[in-house]
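Comments concern the structure below.
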Amino acid sequence: MFFDNNYYYYIVIGLQAICVIHALRKNLHQKWIWLIVFLPVIGSLIYIFTEMFNRRDVQNVQSNLSNVLNPGGQISKLEERLRFSDTFNNRIALADAYLANGQTEKAVKLYEGSLTGAFTENEHVRGQLALSYFALKRYEDVVSIASAIVQLPQFNRSKVHICYALSLAYCGEEEKAEKEFKLMNGQFANYEARYNYGIFLDKAERKEEAIQQFNQILHESTHLSSREKASYREWFQLSRDALKKLTA
Numbered sequence: 001m002f003f004d005n006n007y008y009y010y011i012v013i014g015l016q017a018i019c020v021i022h023a024l025r026k027n028l029h030q031k032w033i034w035l036i037v038f039l040p041v042i043g044s045l046i047y048i049f050t051e052m053f054n055r056r057d058v059q060n061v062q063s064n065l066s067n068v069l070n071p072g073g074q075i076s077k078l079e080e081r082l083r084f085s086d087t088f089n090n091r092i093a094l095a096d097a098y099l100a101n102g103q104t105e106k107a108v109k110l111y112e113g114s115l116t117g118a119f120t121e122n123e124h125v126r127g128q129l130a131l132s133y134f135a136l137k138r139y140e141d142v143v144s145i146a147s148a149i150v151q152l153p154q155f156n157r158s159k160v161h162i163c164y165a166l167s168l169a170y171c172g173e174e175e176k177a178e179k180e181f182k183l184m185n186g187q188f189a190n191y192e193a194r195y196n197y198g199i200f201l202d203k204a205e206r207k208e209e210a211i212q213q214f215n216q217i218l219h220e221s222t223h224l225s226s227r228e229k230a231s232y233r234e235w236f237q238l239s240r241d242a243l244k245k246l247t248a
């Protein structure tokens, strides 16, 4: 047979097609088209790393991959850096790494110790502390620390805002919690927050409103691009599961 390895053939053709379409859209076809066609694998890979990824993209991919494969190594480097130079930036970089790696108690200790002097009201540290407290189920502390940054414009669409609303609910302040959820309940955005609002409504025994909330989320999902659907897949699936339970 001419194509003994059909899978390989289709992968190569698909790779070429992606590169050619991208080159045409970017008006780069005169420069690249022959290389992509006559050296399909090598040419396509060169094109991808030259034109579709810039140097920062490649460095970020390499850095993120290293962190995933060896998070302990990255943390060790940050710990050594802090021992060498005890600065605010080095403390927060290490605290962020601890938090990302699930070492939340260590992160909290560094964050709390960094809220001094000129950095007493640092917005990043306060936000990270709120996330850390939430992970530790210290809901009253979440409410306390997040209350100081609710006025920030970036707060409304942040993970911290979701944790703040949920913490208010856990602390028995349902009216305040719902007010925060409503601020995040705009269409075609904030699906994590809106899913949690649906759960909040369900727990408040407002079944019909919860059903309407999940239905709205799933209706919007049908109008999104494939990339957007992939970004929010987790929340669409959770909404689908919650709706199924409510309508069973």
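Just so we're aligned, residue 1 is where the sequence shown starts under this note's numbering, counting upward by one. In this text, a Cβ means the ideal position worked out from N, Cα and C, and glycines have one as well.
Is the beta carbon of residue i sitting closer than 8 Å to the one on residue j?
i, j, result
"Ala169", "Phe188", "no"
"Leu94", "Leu115", "no"
"Tyr111", "Gln128", "yes"
"Tyr195", "Ser239", "yes"
"Tyr133", "Val125", "no"
"Glu192", "Trp235", "yes"
"Leu24", "Ser44", "no"
List the endpoints of the continuous alpha helix (DSSP H) containing residue i.
i, result
"Cys171", "First-last for Cys171: undefined, no H or E at that position."
"Arg190", "Per the sequence shown, the amino acid found at residue 190 is Asn instead of Arg. Segment: none, Asn190 is in no alpha helix (DSSP H) and carries neither H nor E."
"Ala107", "Thr104 to Ser114"
"Pro40", "Pro40 to Tyr47"
"Glu140", "Tyr139 to Ala146"
Which of the three DSSP states is assigned to residue i in this structure?
i, result
"Glu121", "coil"
"Ser85", "coil"
"Leu246", "helix"
"Thr222", "coil"
"Glu205", "coil"
"Asp149", "Note that residue 149 is Ile in the sequence shown here, rather than Asp. Ile149: coil per DSSP, three-state reduction."
"Tyr133", "helix"
"Arg157", "coil"
"Tyr98", "helix"
"Tyr164", "helix"
"Tyr232", "coil"
Can you give the Cα-Cα distance for residue i and residue j, rounded to whole angstroms?
i, j, result
"Lys109", "Leu99", "11 Å"
"Ala165", "Gly198", "13 Å"
"Ser147", "Ile162", "13 Å"
"Ala97", "Ala107", "8 Å"
"Val58", "Cys19", "At Val58, the pLDDT of 47 sits below 50, so the modelled position is not reliable and the matter cannot be decided from this model."
"Val150", "Arg227", "30 Å"
"Gln62", "Gly186", "With a pLDDT of 46 at Gln62, under the threshold of 50, the modelled position of this residue cannot be trusted; read the value that follows with caution. Cα to Cα, the separation comes out at about 36 Å."
"Gln213", "Glu173", "21 Å"
"Lys179", "Ala210", "16 Å"
"Ala204", "Leu224", "30 Å"
"Glu105", "Ala17", "49 Å"
Have a look at the options and flag the residue whose alpha-carbon is nearest the alpha-carbon of residue i.
i, options, result
"Lys159", "Phe181, Ala118 and Glu140", "Phe181"
"Asn122", "Arg138, Ala97 and Leu152", "Leu152"
"Glu51", "Trp32, Ala118 and Gly127", "Trp32"
"Gln154", "Ala135, Leu183 and Asn90", "Leu183"
"Asp202", "Thr247, His223 and Cys171", "Thr247"
"Leu136", "Leu45, Arg157 and Gly102", "Gly102"
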